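Structure record follows, encoded as structure tokens.
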Ligand code: SAH
């Protein structure tokens, strides 16, 4: 209970324009006040209700009494000694904690956001899995990672990836609402091309995402070159099979005409052999996509990162593939801020 704020407060971050217009109407204000409020929260990104000086002071007073701006509290910021990477610990209204990471590469400043507290999926190589599933984040709690962190660094955030703690497609609607808020022209206005949602591969949700025609980039964590191999490290493959995933990636391409990214964590002696590279080429074939290889980031457990020679051989073998291959060397592994290293095991939940 110790650190939890009064959780009954209604938070402004997370509301869309129509909810803010309804809020204004509820308090006998004209609808355009709702739109002004939206601008203050997401476009001007002010840090207090008091600063919203185009709103009548009576409305501001009422807002300050009955609402809070931020659902999250920033607790701690840890900087990497190796790269310009920072990890942030943030707290939810009932006291649970999540992590987000900022990574810089040239002009690109990428924020990696969490979508759940913990994760139910149980990938054997991922630290978040060790927390189990605690709860889904709301759209406001996802977007607030962006707003609070932006406020605490003096740089523009150019990209957002939904690759932190949790499985985005097991919290589908809140994730889409959060992406829509980040993308909203009258608010944060981050281009859809700069927002990536990464899923472990929940097939019905990939189909829904495809049908709904979202413009955000989609990434699927493949992580294996055969069904049997993937099943050993990702039990979810039992219900969401490799063939089903590749089929859903093809459907996504046919309908959206967009390239999908396939992610592949390289685990020494598990999926990093030449045979795996060959199998991957057969499996992926002509699917227009990008294969993103992620050298494993060490956490407690039986897995190890493939040697540099092994990675090089793997990449060279893929030279004749029809798809583009990239390597993602995770940033901030010295502060456990790399892919799959996010976990807050000392949760003080009040639920
Ligand atoms: N649940 C989502 C998003 C979070 S994980 C998903 O599975 O896509 C983001 C990426 O990090 C995924 O591709 C995942 O396979 C990868 N990953 C997980 N643990 C890792 C580790 N220890 N080292 C490197 N990458 C890891």
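Residue numbers (the working numbering): 423 to 773.
Just so it is clear, CB atoms sit at the ideal spot from N, CA and C, and this is done for glycine as well.
These numbers come from a predicted model, not from an experiment.
At least 8 Å separates the beta-carbon of residue 494 from that of residue 511. Residue 564 has its Cβ no nearer than 7 Å to any heavy atom of ligand 1.
Bounds of the alpha helix (DSSP H) holding residue 563 are 561-574. Set against 7 Å, the gap from the CB of residue 547 to the closest heavy atom of ligand 1 is smaller. In this structure, residue 760 has its beta carbon less than 7 Å from a heavy atom of ligand 1.
For ligand 1, a non-hydrogen atom lies closer than 7 Å to the CB of residue 590.
As the crow flies, the alpha-carbon of residue 623 is around 42 Å from that of residue 486.
It is roughly 47 Å from the alpha-carbon of residue 659 to the alpha-carbon of residue 446.
Our two residues, residue 456 and residue 439, have alpha carbons roughly 7 Å apart in a direct line.
Classified as buried, residue 562 has 16 or more neighbouring CB atoms from the shown chains inside 10 Å of its CB. In this structure, 488 is the residue among 564, 460, 466, 488 with its C-alpha nearest to the C-alpha of residue 431. Residue 644 has its alpha-carbon roughly 13 Å from the corresponding atom of residue 694. Not one heavy atom of ligand 1 sits closer than 7 Å to the Cβ of residue 581. Your pair residue 556 and residue 535 does not check out as a contact, with CB atoms roughly 16 Å apart and the cut at 8 Å.
Counting of Cβ neighbours within 10 angstroms places residue 697 among the exposed residues, the total staying below 16. Residue 504 and residue 756 have their C-alpha atoms some 7 Å from each other. For residue 729, same chain residues with a beta-carbon under 8 Å away, outside a window of 5 residues either side, are 690 in chain order. Of the other Cβ atoms in all chains shown, fewer than 16 fall within 10 Å of the Cβ of residue 724; this residue is therefore exposed.
Looking only at 712, 524, 480, 548, the smallest Cα-Cα distance to residue 721 is reached by 548. Shortest Cα-Cα distance from residue 739 to any of 726, 718, 702 involves 702. Taken in chain order, the complete alpha helix (DSSP H) segments of 4 or more residues contained in the stretch 600-671 are 625-634, 649-655. Boundaries around residue 734 are those of the alpha helix (DSSP H), 730-739, since no beta strand (DSSP E) includes it.
Across the set 575, 710, 610, 705, the C-alpha of 710 shows the shortest separation from the C-alpha of residue 640. DSSP places residue 456 inside the alpha helix (DSSP H), whose first and last residues are 453-460. For the 8 Å CB-CB criterion, residue 716 and residue 761 form a contact. Looking at the backbone, the Cα of residue 543 and that of residue 741 are separated by about 32 Å. Per DSSP, residue 525 is one residue of the beta strand (DSSP E) stretching across 519-527. Residue 571 is positioned such that its CB atom lies closer than 8 Å to that of residue 533.
Distances from the CB of residue 502 to the heavy atoms of ligand 1 are all 7 Å or more. Straight across, the Cα-Cα distance linking residue 606 with residue 434 is about 16 Å.
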